[in-house]
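Only one structure is covered here, and it is reproduced in the block below.
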Amino acid sequence: MRNMLRLLSTSLLAASCSVAYAGFTDQTLLSVGLTVADADNDRGGATTDHTGFGFRVDVSKKIHERLVLGLQASTLEYDDNAGNKLSQTNAGLDLAVLLRKSGKLTPYVLAGVGYQRSDIDPSGDEAQNNYADIGLGFFHRLNDFGLLFKADARLRRDFFDDDSTGTTDYDDIIFNIGVSIPLGRQAQAAQEAAPQRFSDEDSDGVDDSLDQCPNTEIGVAVDVNGCSDAQNGIVEEAPVPAPAPASSAPANQHSEYSIAFVPGSATPTSAGASTLDDIVKTLLHRRELIADISGGAGSGESPALAKKRAQAMRTWLFKQGVSDDRLLIDTGSVASDNNLHGMVKLRID
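Numbering-wise, my numbering puts 81 at position 49 of the sequence shown, and it's gapless, one number per residue.
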């Protein structure tokens, strides 16, 4: 039994050295479990070539980033075939140093001190003494609620005071297994995930976690969602060919749009509304442009209707997000002989 426990201790130590560190819960842990012991054969009596079994409970709390302080109590009993029994009860203080963590596994090394009482039956002898522990173990997270599996192996130096032989030190091997239950709520800071670094794979200035268009071409202007006009379905108006030198059109004129209205009213037709929406897209995309707006009245319509139509077009563009200072109304009206109801001219400011 002693050789098996030593082998387990060595294996646990090797596992502890091969993992990478991460944080550990800051909640108070209540741990309960079983204790198995291989006593020093020099004790004689019930412990010779026999294994002790018992129960253990402890309460522990992280006091530093890697330090866990715990109070523990346990019982052990050894029985031999002749009816002799050694019962041990103890209480002590453990200090565990958390090592590096991989996934859900957190190994640790420990040192502890405590007080132990031993009772021997049927002789009725008893003894009281101090002890010291060194060992190693690990916590393994079992679920998202923080329940942990806990195991450790330790070498216990028992400073035993024997009336017949004087002071004798015994070396016992103790192996503990059990579960640790978190008490209270996890601190908010510990629950929050580590902040993510800014990541921008397509170099458009929008973090990948917020980028709705992750494959934007490099150098193309994008909106707050990381999408270019092309990805949003906005098609840029084809540039108007440069006017011939003899043309009387202004040099900074960009394009002209005819707007159709319902006869006798200042309400655009469906085609006129669609044209106004196209103008909005162009103005929002080309910030250097301004709009000259003029209204017209067809045959048989009141000249005053031309002004209402001009104001209706200006209001339409303004409500769609075009700034007020880029919308200019021409006080003249569109010629009425061609039944043209409205005109918007875009030009560079």
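For glycine and all other residues, C-beta sits at the position ideal for the given N, C-alpha and C.
The beta carbon of residue 117 is closer than 6 Å to those of 78, 111 and 153 in its chain, skipping five residues each way along the sequence. With respect to the 9 Å criterion, residue 290 and residue 375 are classified as neighbours on the basis of their beta carbons. Contact between residue 99 and residue 127 holds, with the beta-carbon distance rounding to 7 Å and staying under 8 Å.
The beta-bridge partner set that DSSP reports for residue 375 consists of 290 and 326. Beta-bridge annotation (DSSP): residue 70 is paired with 83 and 205. Fewer than three pairs of CB atoms, one per stretch, sit closer than 8 Å, so the region 306 to 318 makes no contact with the region 326 to 335. DSSP links residue 93 through a beta bridge to 101.
Using a 10 angstroms sphere on the CB of residue 251, the tally of other CB atoms stays under 16, which defines it as exposed.
Sorting 347, 90 and 338 by C-alpha distance to the C-alpha of residue 209 places 90 at the top. By the Cβ neighbour-count rule, residue 237 is exposed, with fewer than 16 other Cβ atoms within 10 Å of its own. The C-beta of residue 57 has 16 or more other C-beta atoms within 10 Å across all chains shown, which makes the residue buried. Taken through DSSP and simplified to helix, strand or coil, residue 352 comes out as coil. Ranked by Cα distance from residue 191, the options 200, 75 and 183 are led by 200. With 16 or more neighbouring CB atoms inside 10 Å of its own CB, residue 373 falls in the buried class. Contact annotation: residue 119 and residue 107 have beta-carbon atoms nearer than 9 Å. Buried is the label assigned to residue 140, since at least 16 other Cβ atoms lie within 10 Å of its Cβ. When only Cα atoms are considered, residue 62 and residue 179 end up about 10 Å apart. Between residue 121 and residue 88, the C-beta gap is not smaller than 9 Å, which leaves the two residues out of contact. The three-state secondary structure of residue 250, taken from DSSP, is coil. Take the alpha-carbon of residue 158 and the one of residue 59: they are about 38 Å apart.
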